[in-house]
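Okay, so here's the structure we're looking at.
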Amino acid sequence: MRKTTYIQAINEALREEMRDDESVFMIGEDIGHYGGLFRVTRKLMDEFGPNRVIDTPISEQGFMGMAVGAAMTGMRPIVELMYMDFFLVCADQIFNQGAKMNYMTGGVVNVPMVIRGQHGGGKRYGSQHSQCVESTFAQFPGIKVVVPATPYDAKGLLISAVRDPNPVLFLEHKMLYFTRGEMPDADEPYTVPIGVADVKREGSDMTLATFSYCLLQALEAAEELEAEHGISVEVVDLRSIVPLDMETIYASVAKTGRLLAVHESQSNCGIGAEIVARIYEEAPHLLTAPARRLGMAPASIPVSGPLEEVLLPWKKNIKAAVLETMRTPTFA
Amino acid sequence: MRKTTYIQAINEALREEMRDDESVFMIGEDIGHYGGLFRVTRKLMDEFGPNRVIDTPISEQGFMGMAVGAAMTGMRPIVELMYMDFFLVCADQIFNQGAKMNYMTGGVVNVPMVIRGQHGGGKRYGSQHSQCVESTFAQFPGIKVVVPATPYDAKGLLISAVRDPNPVLFLEHKMLYFTRGEMPDADEPYTVPIGVADVKREGSDMTLATFSYCLLQALEAAEELEAEHGISVEVVDLRSIVPLDMETIYASVAKTGRLLAVHESQSNCGIGAEIVARIYEEAPHLLTAPARRLGMAPASIPVSGPLEEVLLPWKKNIKAAVLETMRTPTFA
Amino acid sequence: MPESAVKASSAVAEITVDSVPQLPVDQLQNMYRMMYRIRRVEESLLELAESGKIGGAMHTAIGHEGSAVGMADALQREDYLTCTYRGHHHSLARGMDAKRAIAEVLGRADGFAKGKGGSMHFIDPSLGLMGANGIVGAQVPQAAGMALASKIRGDGRIAITFFGDGAMYQGVMHETFNMAQKWSLPIIFYCENNRYSEMTPITRTSSVEEMYTFVRAYGMRSVQIDGNDVEVVYHTVKEAAERARAGEGPTYIEGITYRLAGHMAGDLETYRSEEEIEEQRGYEPLVVLKNKLLDRGVSEETLQVIRQEVDAEVEEAVEFAQNSPWPDDAEAYTDVYALA
Amino acid sequence: MPESAVKASSAVAEITVDSVPQLPVDQLQNMYRMMYRIRRVEESLLELAESGKIGGAMHTAIGHEGSAVGMADALQREDYLTCTYRGHHHSLARGMDAKRAIAEVLGRADGFAKGKGGSMHFIDPSLGLMGANGIVGAQVPQAAGMALASKIRGDGRIAITFFGDGAMYQGVMHETFNMAQKWSLPIIFYCENNRYSEMTPITRTSSVEEMYTFVRAYGMRSVQIDGNDVEVVYHTVKEAAERARAGEGPTYIEGITYRLAGHMAGDLETYRSEEEIEEQRGYEPLVVLKNKLLDRGVSEETLQVIRQEVDAEVEEAVEFAQNSPWPDDAEAYTDVYALA
Ligand SMILES: Cc1ncc(C[n+]2csc(CCOP(=O)(O)OP(=O)(O)O)c2C)c(N)n1
Ligand SMILES: Cc1ncc(C[n+]2csc(CCOP(=O)(O)OP(=O)(O)O)c2C)c(N)n1
Ligand SMILES: [Mg+2]
Ligand SMILES: [Mg+2]
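Chains as they are written, first to last, in the working numbering: chain A, 822 to 1153; chain B, 822 to 1153; chain C, 27 to 366; chain D, 27 to 366.
This is the structure in structure tokens:
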């Protein structure tokens, strides 16, 4: 087993898919000659040339629309948004177009494309460069949402995303880029299926369902909670939130009886609220105490480091939420 | 008491606020000379002229941005989006700009503006002209979301929206336009405060929290349920979803023990899920059975009438959801 | 009288009727048949809408038929096309079956999209029809993406996209014009300038007098033509297609035309006078073509036979569509995601 | 060597240094002081960023000072200004206190926005500074809205908005150019053309050779100037402001300039050569103005005194900012909504 960074894992997936399938191409700002602002697409232009690694002007609605159009002809475009917050300048092509196309054409035309890029707080980028977007995308059926936390999952899921016949949003948290993890050898092909959660830590007292960078924070929190309070937290890595693998959550809650969902997109109408609502619809009997969620507090991300920390649902806030969840009396 | 249509109520509010406050102006497509595609702004240009009732080209991001800018100088722009689905072409100015401005400037500049227009299904406009958007807006703190169901509430809330120091989304459901309701005389001023729910029907068996056109459907459903099944449903009209008046919901659930939230925006990560999550966080003890939600099914809106009906959370689906909520065994 | 500048279709700058070669009479006759077929389908749809059988937004292209029929003959079946909610004419011209088209608008199971897409979302990839669009301007970068795909694959296909005068100030147009020109994409931008953007005359919102001159600022080749003259449309599109296929990049074509019906079913049409519409009836595509055919020796009787055949055919199509079943309720939940 | 076309600042088309009148020497001296102050503040910020004391994206305008300082003297304090993430220079030139500016970038309580906005969101309405913006192009329609507000109120204020060459193909620019021109809004569009859009030379993505000619397609008045010559900037902005105030509508000004530092702290700068930067150092605003002042009889000693005074002042400001407390944790939750 070798170790790679999260960035390298993505870069490998891009390279391999570009090699394997001529219909895959990439489009975005500064991704070619420069290799991407975050160096995720490094050296891909050297291998695949400017016809398949396309540097664009700052015209997101335009090139997102071009990706939708190309995908409608059977190409498999991969669009990089430099910061995910910029989805708001090209939201029409993503939601009114890409996401709805298969449905409103009665399945006559599908849109196999990937939108990828980094999002998230923690680096003091402020309100317009830090927002987590997964819950917003989850409100538009027709697009899948993938949120890997480890290099292994990132590579395996990106390959699945590229091969998927639907638009897939692939979210990279900026705090994950330089994290490292174990990987099969470069010549050992593998994929990770979209829509299957993974228990990243076993535990018996409660279930914590999360993904992306929050997963790393939750794992640290779980260790500390075990040491400090003797609370045993099972941590489920959702890996994708559309589709959402509730079965794995239920299997875990069947064991623990308690559920806390954690995510960095807004708490209000977030995926955490959805998970809570879903379990009460489908499996309320599993719960021995109220299910809860913790998301980003109702504010946009400030630049000031200490303020950012107050708001983000990271270790400190996760620990508090776990303790709160454990404190709530059981129904019986 | 006189009766007016929902359209006329809005037209009156616009006219009165334009008369009272010179800083109020309107901007949008076909709103001036033609009086609005849905005739909501009829004859306003005659009274206020083209400087304050501005017909634009099809440049939503541009004129939404102009409204944000004008509001930053203390003007009170009212922007009409012809169909709310078009928020996706100007989403940056709404969310990255208008909604975040007060926060990211530390309160130095606020943005007193109203975005209004119609949304919703039921008229066979299909995927790109029917989507309910309130839950998406609720994911972005900094913007209020107002969803009146009656002419009285529409006029009173629109006046409050215009006078609010923040961006306010004012949502008119296309099925409400020609509904009529009682109103104070034209010269009797009144307002309805944003953030206060209203019990539109008393009942004892369960609480149904909803708003906008779903409210009318819920009231009909409640009558039928009472007659057909002897179920007594209390119907709470939320009237705004940001801020969300959970207190009124809790007061009702304290009486009924059961809660169903209904809305026409997507079920996934919708305001219904939020309401469910919120009650489990803040007042789980009030519930005697699992809280539930009913939103738009996970599909975009098809043109075909019968298919549209299958998906929308209207009377038939509401009745089924109420029965389901009543069927769920209590916790005890 | 509204402030609109009504421009006679013949008063256009770059190409006049005299400057294009004549097409064979039998081809013109076929074009006449197709134009009349489109007209009858749309008139029927308007009637159905007015009788409440069609909900939503139903936009006809009555008066725009010239651009669609001229284009269809000038391109290959494989060439990609995108258009607006006002797109029945392009689809029919490219060969879409009127039965399935009308059934779709009515939301029936036999519609090309099982009734899910309706009037604003005409599509049929087997005819190169890659989608009408309900969002002004959205179909334009999509067509550019199809052109880009062709360029990457090197398969010689080109793309054409139709949009209106009102679409010109949607930001994405600017973005697409620049990239298409910079990358020399094989695409034709066809503006159907009917002088109105919904209920607003384009002169009220455009800072530019002549839109076709605007795109020259990108270095793009651009012409303004009489969009009601099908021969002019044919030759202009053909030439643009040849340039595109030869790698010489995009062309912008502005076809001056006029919509004889309202913006959509239910339009109050307070923004224009009866006289204005009446005047335009003298220049409309079916009249222009009919006069040509008569001039070139085709008899009125021949044309009448064509019209009668089409009348019967369209009547049958309407009948078919109205008898088509509603889609299964279960269809509401399918097609959210493609399965493979 | 990257494919960029490096254009000497002096080789611009419409206005040359010779064609504008000379400003009084004491005014120029004040301008020199301001320009040097901006430079020192930004150099200090770069150092702080490199030592890890500033997170996020920190863009300096080192090399762009001419446009800011020329503009500030030519406008009224009440005139509205919006700009980009690269906006420290405009704010300082309009009179923002360096102490509060640096404290803001550091995220401290004494920042003008309590540390919430940071480097990309400079703002102070009391100076007419209506906001820098992190989204390319977003500040441009906002400025047009401010101009519209002035027009509705008839209060004689105008607006100016700064953006980069790379912003030109963001769709909203097109939308705004059209409306501003059509409605004759009192606004100045100022493009700081530094030839790069992040790490991409603008020549790689623009279909238009000379951007200032592009906007003429809207009928807009447009000039290209040497943005590094503060006198040229001053006179050009002044004239545009007079036109705007007189109701003659918008002007587009393209100031050719060059950023001497990276796009932001941490930029690898693989996209340009050392020689290219070196060559540009000979044309940069401080050098251009210094040479002018020396030519016009100001002594090197006088300038040195200015620089020393500013050095001390900026050092003090950095000190102040670094000692400013962090905002209260409770601030994280305030200001989400305005209360009245
Ligand atoms: C983004 C967006 N804004 C507004 C609309 C509403 N709308 C539909 S058609 C139309 C006018 C378009 O005019 P034009 O481009 O000239 O085309 P025409 O209808 O005349 O064929 C408008 C404003 C829309 N569908 N999409
Ligand atoms: C909508 C949007 N897309 C992309 C970015 C990322 N970005 C920030 S600055 C920049 C380059 C802008 O170049 P230019 O307009 O020339 O201004 P300069 O930075 O050279 O001053 C890019 C692509 C952004 N902030 N917003
Ligand atoms: Mg038109
Ligand atoms: Mg630049």
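Positions of the beta carbon are idealized from the N, C-alpha and C atoms, including for glycine.
Among residues of its own chain, excluding the 5 on either side of B/ALA1155, which ones have a beta-carbon nearer than 6 Å to its beta-carbon? An answer regarding residue 1155 of chain B cannot be provided, because it is not within the stretch 822 to 1153 covered by chain B.
Can you grab the Cα-Cα spacing for the pair C/GLY144 / C/ILE80, in whole Å? Sequence index remark: in the third sequence, residue 144 of chain C carries index 118 (1-based). Sequence index remark: in the third sequence, residue 80 of chain C carries index 54 (1-based). Roughly 9 Å separates the two Cα atoms.
What residues from the stretch 910-941 of chain A come within 7 Å of chain B, judged by C-beta to C-beta, listed N to C? VAL910, ALA912, ASP913, PHE916, ASN917, LYS921, TYR924, MET925
Report yes if the CB atom of A/PRO871 is closer than 8 Å to the CB atom of C/ASN204, and no otherwise. For this step, residue 871 of chain A is matched to residue 50 along the first sequence. For this step, residue 204 of chain C is matched to residue 178 along the third sequence. No, the pair does not count as a contact, with Cβ atoms beyond the cut-off.
Around the Cβ of A/PHE999, are there at least 16 other Cβ atoms within 10 angstroms (buried) or fewer (exposed)? Locating residue 999 of chain A in the first sequence gives position 178, counting from the first residue. The residue in question, A/PHE999, is exposed, as its Cβ has fewer than 16 Cβ neighbours within 10 Å.
If you drop the 5 nearest sequence neighbours on each side, which residues of the same chain put their C-beta closer than 8 Å to that of A/ARG836? Your numbering for residue 836 of chain A matches position 15 in the first sequence. LEU865, GLU868, listed in sequence order.
How about C/GLY190: is its Cβ closer than 7 Å to a heavy atom in ligand 3? Numbered from 1 along the third sequence, position 164 holds the residue referred to as residue 190 of chain C. C/GLY190 Cβ: within cutoff of ligand 3.
Of all the CB atoms in chain D, is at least one closer than 8 Å to the CB of B/MET839? Locating residue 839 of chain B in the second sequence gives position 18, counting from the first residue. Interface with chain D (8 Å Cβ-Cβ cutoff): B/MET839 is excluded.
If you follow the beta strand (DSSP E) that A/ALA1048 is part of, which residue opens it and which one closes it? Within the first sequence, residue 1048 of chain A is the residue found at index 227, counting from 1. First-last for A/ALA1048: 1033-1050, but that is the alpha helix (DSSP H), not the beta strand (DSSP E).
Give me the residue from C/THR202, C/LEU74, C/ALA124 with the minimum Cα distance to C/GLY292. As a first step, residue 292 of chain C must be located in the third sequence, where it is residue number 266. Closest option to C/GLY292, Cα to Cα, is C/LEU74.
Reduced DSSP secondary structure (H/G/I, E/B, other) of B/PRO1134: Counting from one through the second sequence, the residue named residue 1134 of chain B turns up at place 313. In the structure shown, B/PRO1134 sits in coil (DSSP, three-state: anything other than H, G, I, E or B).
Boundaries of the alpha helix (DSSP H) in which B/ASP867 is found, first to last residue: Along the second sequence, one-based indexing puts residue 867 of chain B at 46. Its alpha helix (DSSP H) spans residues 865-869.
Under 8 Å Cβ to Cβ from C/VAL241, same chain only, skipping five residues before and after it: list those, please. Your numbering for residue 241 of chain C matches position 215 in the third sequence. Cβ neighbours of C/VAL241 beyond the five flanking positions: PHE203, PHE215, SER248, TYR278.
So with CB distances below 7 Å, who are the chain B contacts of D/LEU174? Residue 174 of chain D sits at position 148 when you count from the first residue of the fourth sequence. Simply MET887, ALA891.
Looking at chain C, is there any beta carbon in it that lies within less than 8 Å of the beta carbon of B/LYS944? Working through the second sequence from its first residue, we reach residue 944 of chain B at position 123. Taking Cβ atoms only, chain C reaches closer than 8 Å to B/LYS944, which makes this a yes.
Going along the chain, which residues of its own chain have a beta-carbon closer than 7 Å to the beta-carbon of A/ARG897, five neighbours each way excluded? As a first step, residue 897 of chain A must be located in the first sequence, where it is residue number 76. Excluding sequence neighbours, A/ARG897 sits near ASP842, SER844, VAL845, PRO933, MET934, VAL983.
Expressed to the nearest angstrom, what Euclidean distance is found between the alpha-carbon atoms of C/GLU235 and C/ASP191? One-based indexing of the third sequence puts residue 235 of chain C at position 209. One-based indexing of the third sequence puts residue 191 of chain C at position 165. For C/GLU235 and C/ASP191, the distance between alpha carbons rounds to 12 Å.
My assumption, with CB atoms under 8 Å, is that A/ASN1089 sits in contact with B/LEU909. Please give the rounded CB distance. Position 268 of the first sequence, counted from the start, is the residue given in the question as residue 1089 of chain A. Position 88 of the second sequence, counted from the start, is the residue given in the question as residue 909 of chain B. Not really, about 20 Å apart at Cβ, beyond 8 Å.
Would you please verify whether the beta carbon of B/GLN882 is less than 8 Å from any beta carbon of chain D? On the second sequence, position 61 is the one that residue 882 of chain B refers to. It does; some Cβ of chain D falls within 8 Å.
Members of the stretch 973-990 of chain B that neighbour chain D once the beta carbon cut-off is set at 9 Å: Those residues of the stretch 973-990 of chain B that come within reach of chain D (Cβ to Cβ, closer than 9 Å) are ASP985, PRO986, ASN987.
Mind checking whether the beta-carbon of A/MET903 lies closer than 7 Å to any heavy atom of ligand 2? On the first sequence, position 82 is the one that residue 903 of chain A refers to. It does: the Cβ of A/MET903 is within 7 Å (strictly closer) of some heavy atom of ligand 2.
Short Cβ contact (8 Å threshold) for C/VAL198 with A/GLN882: Start at 1 with the first residue of the third sequence, and residue 198 of chain C comes out as number 172. Start at 1 with the first residue of the first sequence, and residue 882 of chain A comes out as number 61. Contact flag set, yes.
May I have the straight-line CA-CA distance separating D/GLU69 from D/HIS115, to the nearest angstrom? To locate residue 69 of chain D, count along the fourth sequence from 1; it is residue 43. To locate residue 115 of chain D, count along the fourth sequence from 1; it is residue 89. Spanning the two alpha carbons is a distance of roughly 12 Å.
A/CYS953 and A/GLY941: beta carbons closer than 8 Å? Residue mapping note: residue 953 of chain A aligns to position 132 of the first sequence, counting from 1. Residue mapping note: residue 941 of chain A aligns to position 120 of the first sequence, counting from 1. A contact, by the Cβ cut-off of 8 Å.
Just to confirm, does D/SER223 get its C-beta within under 7 Å of one of the non-hydrogen atoms of ligand 4? What you label residue 223 of chain D is simply residue 197 of the fourth sequence in a count that begins at 1. Flag set: Cβ of D/SER223 near ligand 4.
Same chain, Cβ closer than 7 Å to B/ASP1066, neighbours up to 5 away in sequence not counted: For this step, residue 1066 of chain B is matched to residue 245 along the second sequence. Excluding positions up to five away in sequence, the list reads GLY1016, VAL1017, ALA1018, LEU1059.
With 16 other CB atoms within 10 Å as the buried threshold, where does A/GLN829 fall? For the purposes of this step, residue 829 of chain A is taken as residue 8 along the first sequence, with counting starting at 1. It is buried - the Cβ of A/GLN829 has at least 16 other Cβ atoms within 10 Å.
Would you please state the rounded distance, in angstroms, between the beta carbons of D/GLY141 and D/ARG126? I believe it to be under 8 Å. Locating residue 141 of chain D in the fourth sequence gives position 115, counting from the first residue. Locating residue 126 of chain D in the fourth sequence gives position 100, counting from the first residue. Not quite, the Cβ-Cβ distance comes to about 10 Å (not below 8 Å), so this is no contact.
Taking buried to mean at least 16 other C-beta atoms within 10 Å of its own C-beta, is C/GLY78 buried or exposed? In the third sequence, the residue the question calls residue 78 of chain C occupies position 52. Answer is exposed; the Cβ neighbour count stays below 16.
Can you tell me whether C/ARG112 sits near ligand 1, meaning its C-beta is under 7 Å from at least one heavy atom of the ligand? Numbered from its first residue, the third sequence carries residue 112 of chain C at position 86. It does: the Cβ of C/ARG112 is within 7 Å (strictly closer) of some heavy atom of ligand 1.
Please report the distance separating the alpha-carbon of D/SER30 from that of D/TYR111. The count along the fourth sequence starts at 1 and reaches residue 30 of chain D at position 4. The count along the fourth sequence starts at 1 and reaches residue 111 of chain D at position 85. Unreliable placement is indicated for D/SER30, whose pLDDT of 32 sits below 50; the coordinate value is still reported in the next sentence. The alpha-carbon atoms of D/SER30 and D/TYR111 are separated by roughly 23 Å.
Relative to ligand 2, is the shortest distance from any of its heavy atoms to the C-beta of D/ASN220 smaller than 7 Å? By 1-based counting over the fourth sequence, the position of residue 220 of chain D is 194. Because some heavy atom of ligand 2 lies under 7 Å away, the Cβ of D/ASN220 counts as near it: yes.
8 Å Cβ cutoff met for D/LEU155 and D/MET194: Reading the fourth sequence from its first residue, position 129 is the one you call residue 155 of chain D. Reading the fourth sequence from its first residue, position 168 is the one you call residue 194 of chain D. Result no, Cβ atoms of D/LEU155 and D/MET194 do not sit closer than 8 Å.
Own chain, CB closer than 7 Å to C/ASN56, minus 5 neighbours either side, in chain order: Within the third sequence, the letter at position 30 stands for residue 56 of chain C. Correct list: empty, nothing qualifies.
Using the beta-carbon count (16 or more within 10 Å), is B/ALA1075 buried or exposed? As a working note, residue 1075 of chain B is residue 254 in the second sequence. When all chains shown are included, B/ALA1075 counts as exposed.
Consider the C-beta atom of B/VAL1124 and the heavy atoms of ligand 1; say whether any pair is separated by less than 7 Å. Position 303 of the second sequence, counted from the start, is the residue given in the question as residue 1124 of chain B. No - ligand 1 has no heavy atom lying nearer than 7 Å to the Cβ of B/VAL1124.
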